[in-house]
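Residue numbers (the working numbering), protein chains in the order written: chain A, 2 to 320; chain B, 2 to 320.
Written as structure tokens, this is what we have:
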């Protein structure tokens, strides 16, 4: 029997247009994998988003290096790329790689070579605006050494389709001013993403180096398998791990997780202000904002008009 | 109070000399991280081992690309490299990267650049013997297309030192004839390796593309955290996942996992004949052989003299 439930959730306000697109597709019985790819391509193509795809900020050498992954929750097939260059849609390359049993995670030149060989659209991913921001940062760094990194807003997206199949994908240009070849959690199974159609899926955004220390996406899916709701799974995985990392490693970066189970229920947890977009068969696409709350829980509410107006203004502000 | 327990375990017969070395170090109160690095360097340096370090078989283009990782079980700090070239000891580069909060996983040219910049010993890793084997395979491939890959014997190593600290490391040249930039599970947190000194550690060898579909190392450590012995944790993580992958993905590659807990107890599970070496305060280094047994358990016994003699003969046989 076909279920009519469907749902999609993705990280950050930037994913909203993609979530609208994916929800249209899912309502029309599209496959979860197609919805995830369409969602992420929408984010990758938008030049004002500084941390994903076209317009993404470069590494310290001025090169835009991208990470992406795709997982099919039915078969557990995975494809991923790390440090790929000049490819317009890293998510599509990752999805194509998921068709192979061997050689399905490719990095650096080898990843770019795969994209060329398989006819993926290539383009110069460094926009004039991203170049200007990089040059500005280089000047600042001449005065003072870099203490923190930013711009690590990965798009992570989950879809549940009407046949009950789930898929997850991620795409990012990684940390702004990262070292050449730095790879974060986004293309790493269980850290940046995980999906099992019989259970649910999760995806991460934030400081990859810390997310991978806890295999956050796998841990959330595992907790859903053990019976937790997506929200409880997120809360129980994220907040104790944040505390553990502070105690053991001495510090912890910012990160946020999203999850959806095979019934289309969803949850998020975060140690920083975190926007996301979600749509289900029962609820049209909406942008919500999450904050860590007391006692290891998450406060979630709609974003205000003022927040959205300010976001739009900052997005396109002169540099 | 200082405990006097210590232990070390590593994948494959090839790791035995390294295990002997690590056990000497641990008996003399060396740190777990130093023991793991020394163990793996021993394997990397031995030219007859075709899947790790010097003498490792190249990718399809004739280039030796190496993956390695290191994790400190006290702090959860991780360092890793994927597709690094011309570096004599990939494990040492991974360990050096674990000192950084950012940019601790580097791939491709960026990884090699880090090694150069930080003064690591560089060398041509393609031995005449490995080159000959590659050329021979190229000739075979002119006659018949490649159907399966082999040579995916990663060295994975765990150490528990007398202060109770644990560390884990991996190093491999990956699949023989892999595509350029292919990365397996070895440098991926939770898939190829995981360590938490308060619980235990695990490491993997085998077909990385399948190991990462199940985040096998993290899952084993998690089960130990929930109270399982290392052997039960290995059995309960590996065999159900092998069955699940067969059912869901339609096939499953060969892989093997090792684990040790913070008391120095250990376990392994495998879906193929699998040798390993283990030493503890109570038991000198010994080579054991494991096979999957009935009812999701693992049969473990000492290797025979005949097995060892045959291994030595094949290792150095004319090509």
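We put the CB at the ideal spot given by N, CA and C, even for glycine.
query                                                                                                                                                                                              : result
Does the beta carbon of residue 63 of chain A come closer than 8 Å to any beta carbon on chain B?                                                                                                  : no
Assign residue 17 of chain A to one of three DSSP states: helix, strand, or coil.                                                                                                                  : helix
Check each candidate in B:82, B:128, B:88 and name the one with the smallest Cα separation from residue 107 of chain A.                                                                            : B:82
Which chain A residues sit within Cβ distance under 7 Å of residue 316 of chain B?                                                                                                                 : Neighbours of residue 316 of chain B on chain A: none; closest Cβ ~25 Å, over 7 Å.
If contact is defined by three or more beta carbon pairs under 8 Å, each pair taking one atom from either stretch, is the region 271–288 of chain B in contact with the region 228–244 of chain A? : no
Can you tell me whether residue 267 of chain A is helix, strand or coil according to DSSP?                                                                                                         : strand
Tell me which same chain residues have a C-beta within less than 6 Å of the C-beta of residue 181 of chain B, skipping the five on either side of it?                                              : 60, 62
Rounded to a whole number of angstroms, what is the C-alpha to C-alpha distance between residue 156 of chain A and residue 240 of chain B?                                                         : 34 Å
Are the C-beta of residue 102 of chain B and some C-beta of chain A separated by less than 8 Å?                                                                                                    : yes
Select from the region 214–226 of chain B all residues with a C-beta closer than 8 Å to any C-beta belonging to chain A, and list them in chain order.                                             : 214, 215, 216, 219, 220, 223
Using beta carbons (cut-off 8 Å, strictly below), is residue 258 of chain A in contact with chain B?                                                                                               : no
Checking contacts by CB at 8 Å: is residue 7 of chain B closer than that to chain A?                                                                                                               : no
I'd like to know if residue 106 of chain A contacts chain B, where contact means its C-beta is closer than 8 Å to some C-beta of that chain.                                                       : yes
Is it true that the region 249–256 of chain B meets the region 301–312 of chain A, where meeting means three or more beta-carbon pairs spaced less than 8 Å apart?                                 : no
Sorted by chain position, which residues of the same chain lie with C-beta nearer than 6 Å to residue 67 of chain A's C-beta, five sequence neighbours on each side aside?                         : 85, 91, 174
Just to make sure I have the definition right: I need the residues of chain A whose C-beta is within less than 7 Å of the C-beta of residue 250 of chain B. Which are they?                        : 76, 77, 78
Rounding to the nearest angstrom, what Cα-Cα distance links residue 19 of chain B and residue 42 of chain B in this structure?                                                                     : 8 Å
Quick one: what does DSSP say residue 62 of chain B is sitting in, helix, strand or coil?                                                                                                          : coil
What in chain B is Cβ-close to residue 114 of chain A, meaning under 9 Å?                                                                                                                          : 180, 181, 182
Tell me which residues of the region 187–198 of chain A have at least one Cβ-Cβ distance to chain B shorter than 7 Å, keeping chain order.                                                         : 189, 190, 191, 192
Since residue 237 of chain A and residue 224 of chain A are thought to touch, with beta carbons under 8 Å apart, how far apart are those beta carbons, to the nearest angstrom?                    : 6 Å
Quick check: the region 290–298 of chain B against the region 265–275 of chain B, are at least 3 beta-carbon pairs closer than 8 Å?                                                                : yes
Can you tell which of A:133, A:154, A:27 has its C-alpha closest to the C-alpha of residue 208 of chain A?                                                                                         : A:154
Identify the residues that DSSP records as bridge partners of residue 262 of chain A: which are they?                                                                                              : A:201
Alpha carbon to alpha carbon, what distance is there between residue 190 of chain A and residue 204 of chain A?                                                                                    : 10 Å
Taking the continuous beta strand (DSSP E) assigned at residue 285 of chain A, which residues delimit it?                                                                                          : 284–293
Mind checking which residues open and close the alpha helix (DSSP H) that includes residue 6 of chain B?                                                                                           : Here residue 6 of chain B belongs to no alpha helix (DSSP H), and DSSP marks it neither H nor E.
Quick check: what's the CA-CA separation for residue 69 of chain A versus residue 117 of chain B?                                                                                                  : 27 Å
What does residue 150 of chain A touch in chain B if you count any residue whose Cβ is under 8 Å from its own?                                                                                     : 103
Could you compute how far the alpha carbon of residue 162 of chain A sits from the alpha carbon of residue 5 of chain A?                                                                           : 8 Å
Of all the residues that make up the region 23–45 of chain A, which are near chain B by a beta-carbon distance shorter than 9 Å?                                                                   : none
Output the distance between the C-alpha atoms of residue 220 of chain B and residue 212 of chain B, rounded to the nearest integer angstrom.                                                       : 11 Å
Starting from residue 278 of chain A, trace the beta strand (DSSP E) both ways and give me its first and last residue.                                                                             : 275–281
Checking 8 Å against the spacing of the C-beta atoms, do residue 159 of chain B and residue 301 of chain B come in under that value?                                                               : no
With a cut-off of 8 Å, does the C-beta of residue 274 of chain A fall near any C-beta of chain B?                                                                                                  : no
Please list the partners that residue 58 of chain A has in chain B, where partner means a Cβ-to-Cβ separation under 9 Å.                                                                           : Neighbours of residue 58 of chain A on chain B: none; closest Cβ ~15 Å, over 9 Å.
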